[in-house]
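Engineer: In the working numbering, the protein residues as written are 74 to 528.
Quick one: structure below, then a few questions.
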Ligand code: BES
Ligand code: MN
Ligand code: MN
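Take a look at the structure:
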């Protein structure tokens, strides 16, 4: 039997196993779910065991890494698969049409937290591998490294990678944790943005004050924080932090033109988000604004009274979580420092400002002339009948830059998600089409990669 027939025959089983995994609320950010995160790792270990594959739970200072390997012959090429079994928190729960950890299949989609990011996409790799070994058609060696802390910064994975270079030796890294342009237009991600993330605390008077007694005479830290944040962008949508753009890679008109040839329907985009207009840096298209330009966004802002009714108060403190998406060749530590210095420098004397950096990560670009990229392209062409388009995506997978650095390996970002999957949002979903098409395409990748590595 061919691997493709095996996939066809085991569709239902493959789906049921994924649904089982999606029922485990492996939220890495919230310690309340610590046991569940571990259960997700155990679940994966058991599935590898079922297949008779060597598998280890590699403990770290945080959540474990599930490592599995199948070495056929050391002389054959080796593919290292990376994915994550942890998921984002499901909040706000009331906005879900069905409970986030009780997956439902509706309109040809699987609705659950983690269905697309990344359990559904990661599990396609386990099933593609199953199809290949069960039909005796795995052409090369495979290693799996599946972590449980991607959504919280992969700090322990970094330590694991640095300490296990030999164990992780491979010819290419294969990851499905990104998107395609649409179900009719396959694409391969060749760029990801980096990230600087900070929290700011602005303090005014030493306690909350009566806003009548003191209002007008004492600076309000929330008003001040809003003014400070507003000043970080000018009317052209450019970021005003001195030095912020100094290292930003300038791309040729030719490259930009090519990028903009990718199919993109602005009206559909706006309609999907219920917005009347897009907004971003002047002089760039939407594709460019998310693909090749850096940004600054407030992720959350709070302070003062937010309970029911009205309380007249001039608060003592105001807070915000601020992130910057970075592009090649910006450095996350450097940008974090530029932000901190600038934010302190613009603080008026009536407040004090504290800036606390969170985890960050570097951007990456993936060359399209490698054997890995070409094999992924061929695999997608085989299942879609169309050559995939290289795209740059706005999200971040900081570990990709680290793989390049520490292991000297390029990652092939062959994801199968869609922008409308609503990852990190309520009602996250993953298409059945995408799940099965992914499994098929991945199974082809191994053959192309092995054949093309020989020549
Ligand atoms: N899978 C996403 C990254 C992603 C999303 C890539 C969309 C391409 C398109 C990943 O799980 C993620 O959410 N990354 C975080 C960063 C991380 C350091 C928490 C992100 O991009 O916000
Ligand atoms: Mn992900
Ligand atoms: Mn994510």
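Every residue, glycine too, gets a C-beta built ideally from N, C-alpha and C.
What separation, rounded to the nearest whole angstrom, lies between the Cα atoms of residue 363 and residue 266?
Structural biologist: 9 angstroms
Engineer: Helix, strand or coil for residue 143, going by three-state DSSP, please let me know.
Structural biologist: strand
Engineer: Grab the span of the beta strand (DSSP E) containing residue 274 for me, first residue to last.
Structural biologist: 267–276 is the extent of the beta strand (DSSP E) around residue 274.
Engineer: Pairing CB atoms from the stretch 412–422 with CB atoms from the stretch 318–332, are three or more of them under 8 angstroms?
Structural biologist: no
Engineer: Determine the closest residue to residue 251 out of 484, 229, 517, with distance taken between C-alpha atoms.
Structural biologist: 484
Engineer: In three-state DSSP terms, what is residue 391?
Structural biologist: strand
Engineer: Can you give me the start and stop residues for the alpha helix (DSSP H) that residue 15 sits inside?
Structural biologist: Because the chain spans 74 through 528 in this model, residue 15 falls outside it and cannot be assessed.
Engineer: Tell me which residue opens and which closes the alpha helix (DSSP H) that residue 457 is part of.
Structural biologist: 444–457
Engineer: Could you compute how far the alpha carbon of residue 165 sits from the alpha carbon of residue 235?
Structural biologist: 36 angstroms
Engineer: Helix, strand or coil for residue 116? Go by DSSP, reduced to three states.
Structural biologist: Helix.
Engineer: Using DSSP bridges, identify the partner residues of residue 213.
Structural biologist: Note: residue 213 sits in no beta bridge, so no partner.
Engineer: Could you tell me which uninterrupted alpha helix (DSSP H) segments, each at least 4 residues in length, are contained entirely in the stretch 135–213, listed from first to last along the chain?
Structural biologist: 192–207
Engineer: Entirely within the stretch 219–296 and at least 3 residues each: give me those beta strand (DSSP E) ranges in chain order.
Structural biologist: 245–248, 260–265, 267–276
Engineer: Throw me the rounded Cβ distance for the residue 117 and residue 158 pair, which I believe falls under 8 angstroms.
Structural biologist: 6 angstroms
Engineer: Alpha carbons only, please: which of 528, 278, 230 is nearest the one belonging to residue 136?
Structural biologist: 230
Engineer: Applying the 10 Å Cβ sphere with the 16-neighbour rule, what's the burial state of residue 385?
Structural biologist: exposed
Engineer: Could you name the residues of the same chain whose beta carbon sits closer than 7 angstroms to that of residue 259, not counting the 5 residues immediately before and after it, in chain order?
Structural biologist: 253, 453, 457, 459, 461
Engineer: Check whether the Cβ atoms of residue 489 and residue 482 lie closer than 9 angstroms to each other.
Structural biologist: no
Engineer: So does residue 432 have its beta carbon nearer than 8 angstroms to some heavy atom of ligand 1?
Structural biologist: Distances taken from the Cβ of residue 432 to the heavy atoms of ligand 1 include one shorter than 8 angstroms.
Engineer: Counting beta carbon pairs with one atom in the stretch 293–311 and one in the stretch 376–390, are three or more of them shorter than 8 angstroms?
Structural biologist: yes
Engineer: Taking 8 angstroms as the cut-off, does the CB of residue 224 come closer than this to any heavy atom belonging to ligand 3?
Structural biologist: yes
Engineer: Can you list every residue whose CB sits closer than 5 angstroms to some heavy atom of ligand 2, going in chain order?
Structural biologist: Every residue passing the under-5 angstroms Cβ criterion appears here: 190, 191, 250.
Engineer: For the beta strand (DSSP E) that residue 127 lies in, which residues bound it at each end?
Structural biologist: 127–131
Engineer: Secondary structure at residue 370, three-state DSSP: helix, strand or coil?
Structural biologist: Correct three-state label for residue 370: strand.
Engineer: Which class does residue 94 belong to by DSSP, given the choice of helix, strand or coil?
Structural biologist: helix
Engineer: When you compare only the Cα positions, how much space is there between residue 286 and residue 388?
Structural biologist: Residue 286 and residue 388 have their C-alpha atoms spaced approximately 13 angstroms apart.
Engineer: Is the number of C-beta pairs between the stretch 94–105 and the stretch 180–192 that are closer than 8 angstroms three or more?
Structural biologist: yes
Engineer: Output the distance between the C-alpha atoms of residue 470 and residue 383, rounded to the nearest integer angstrom.
Structural biologist: 42 angstroms
Engineer: Could you tell me the distance, in whole angstroms, from the CA atom of residue 185 to the CA atom of residue 371?
Structural biologist: Each residue's alpha carbon lies about 26 angstroms from the other.
Engineer: Out of 121, 400, 464, which one is the CA nearest neighbour of residue 434?
Structural biologist: Answer by Cα proximity: 400.
Engineer: What do you reckon, is the C-beta of residue 286 under 8 angstroms from a heavy atom of ligand 1?
Structural biologist: no
Engineer: Could you name the residues that DSSP lists as bridge partners for residue 301?
Structural biologist: Answer is none; residue 301 lacks a bridge partner.
Engineer: Would DSSP call residue 399 helix, strand or coil?
Structural biologist: strand
Engineer: Just to confirm the assignment, what range does the alpha helix (DSSP H) spanning residue 473 have?
Structural biologist: 472–475
Engineer: At the level of alpha carbons, what is the spacing between residue 531 and residue 127?
Structural biologist: Outside the modelled stretch of the chain, which goes from 74 to 528, sits residue 531, for which no answer is possible.
Engineer: In three-state terms, what does DSSP make of residue 486?
Structural biologist: strand
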